[in-house]
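For reference, the structure discussed in these notes is given below.
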Amino acid sequence: MMYQNLFKMAKSEKTSKSVASKASKILSDPKSTKAMKSVAASA
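Each number in the numbering used here corresponds to the 1-based position in the sequence shown with 56 added.
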């Protein structure tokens, strides 16, 4: 699932373009949960 990969990347120091793109989609999606947005913001 997309969010699991994002969570793994959030723990590393460098954010890849694909993860940044996914994070952007999560942050802009009104259906995203607070927890998902928190993980996306830390990526």
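C-beta atoms are modelled at their ideal positions from N, C-alpha and C, and glycine is treated no differently.
> Roughly how many angstroms separate the alpha carbons of A76 and S88, rounded to a whole number?
Replying inline: Counting from 1 along the sequence shown, the entry for residue 76 is found at position 20. Counting from 1 along the sequence shown, the entry for residue 88 is found at position 32. The straight-line gap from Cα to Cα measures roughly 16 Å.
> Whose CA, out of D85, P86 and S80, lies closest to the CA of A97?
Replying inline: As a first step, residue 97 is located in the sequence shown; it is residue number 41 there, counting from the start. Selected option, being the one with the closest Cα: S80.
> Is it right to say A99 is buried, meaning 16 or more other beta carbons lie within 10 angstroms of its own, or is it exposed?
Replying inline: Locating residue 99 in the sequence shown gives position 43, counting from the first residue. The residue in question, A99, is buried, as its Cβ has 16 or more Cβ neighbours within 10 Å.
> Roughly how many whole angstroms lie between the Cα atoms of S72 and P86?
Replying inline: As a position in the sequence shown, residue 72 is number 16, starting the count at 1. As a position in the sequence shown, residue 86 is number 30, starting the count at 1. The alpha-carbon atoms of S72 and P86 are separated by roughly 23 Å.
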